[in-house]
Amino acid sequence: MRYWWQFLLVLKHCLVGMMLIPAIVFARDPLSVELPEVDIIPGATWYRMGERMALNGVPMSVKMFTYPGRIEDVEQYYLSEMRVKGHGKLKQTRLREQVILGYQLGEYQYSIQMQIGRGGVEGKAMVTPSALNFKPSMKTTLPVPPRSQVLSKVESLDAGRRAETLTVNAGFDAGYVADFYLDQLTRDGWQLFSRGGNGENSAVLSFQRGAELLQLTAKGLQGNNSRKCQFLINWVK
């Protein structure tokens with residue numbers, strides 16, 4: 000969970016980018032798939048977001064970087080890199096202050112996203128597999144309340160430990176969702192060790208089962224008389 004909140008800030012961009020990627024069906028564990036490295040512009044500081052990751056069942060590698068210079072320099076660096084490789088499909092997009100470079104080469108899709116931040120150019124470099132028959136999967140062994148929709152499933156392997164995070168829209172308030180998981184998880188051997196929130200509009204529950212940890216964070220959706228909520232489950236296995 001080291002970089003979890005940072006990852007939430009970029010998750011929607013990953014989801015949008017993946018909608019443009021032709022896809023492949025993986026019969027094996029997506030966290031076992033080897034992906035090529037993405038070069039980071041010289042002079043930048045960077046870190047990898049997890050040793051291995053998968054979004055909706057698709058393996059992906061994400062590196063976050065900060066470059067103390069101009070965004071034009073970063074853009075030109077990656078455009079030059081992509082053109083040197085050749086034979087790929089290059090796509091360049093600008094969304095307000097954000098620059099997105101996409102490049103498909105062989106069996107892989109590369110994406111560089113950048114914008115101006117406090118410390119210079121803040122960006123992320125991603126690579127995912129690409130092919131013709133992609134079939135995303137958000138299947139989970141965790142219970143999900145009725146009238147709920149799983150929006151995304153993120154899997155990761157970091158320091159030898161697996162984690163799974165679900166983002167879910169529920170047709171009930173946060174209090175109902177909290178009670179649902181308290182009942183379901185207790186039946187499955189989990190022990191509650193922390194509970195917070197104000198009932199209907201927010202809830203935070205933390206559970207432990209042996210070495211496993213699970214946290215539920217639910218928040219009511221905005222709107223007149225809304226009885227719905229969105230919640231995150233982060234499960235460290």
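Each residue of the sequence shown is one higher than the last, beginning at 0 in numbering that gives the first Met the number 0. The beta carbon of each residue, even a glycine, is placed where N, CA and C say it ideally should be. The structure displayed is predicted, hence computed values, not measured ones.
{"Query": "C-alpha gap between Gly219 and Leu104, whole angstroms", "Result": "42 Å"}
{"Query": "Phe192 classed as buried or exposed, judged by whether at least 16 other C-beta atoms fall within 10 angstroms", "Result": "exposed"}
{"Query": "Continuous beta strand (DSSP E) assignments of at least 3 residues falling wholly in the region 30-110", "Result": "44-47, 51-54, 57-66, 88-94, 97-104"}
{"Query": "Three CB pairs or more closer than 8 Å across the region 155-163 and the region 80-100", "Result": "no"}
{"Query": "Cβ contact check for the region 196-216 and the region 146-153: 3 or more pairs under 8 Å", "Result": "no"}
{"Query": "Given Thr44 as reference, the closest of Ser129, Gly119, Asn168, Pro128 once Cα atoms are compared", "Result": "Gly119"}
{"Query": "Ser136 burial status per 10 Å Cβ neighbour count (16 or more: buried)", "Result": "exposed"}
{"Query": "Integer Cβ distance of Ala173 from Gly196, believed to fall under 8 Å", "Result": "6 Å"}
{"Query": "Bridge partner(s) assigned by DSSP for Pro128", "Result": "Tyr107"}
{"Query": "Burial state of Thr185 (16 or more Cβ within 10 Å)", "Result": "exposed"}
{"Query": "Per DSSP, cross-strand counterpart(s) of Ala162", "Result": "Ser155, Val235"}
{"Query": "Contacting residues, own chain, Cβ-Cβ under 6 Å from Arg47 (five flanking each side not counted)", "Result": "Lys62"}
{"Query": "Those residues which DSSP pairs with Ser147 across a bridge", "Result": "Ala169"}
{"Query": "For Thr216, the three-state DSSP class (helix, strand or coil)", "Result": "strand"}
{"Query": "Which of helix, strand or coil DSSP assigns to Arg226", "Result": "coil"}
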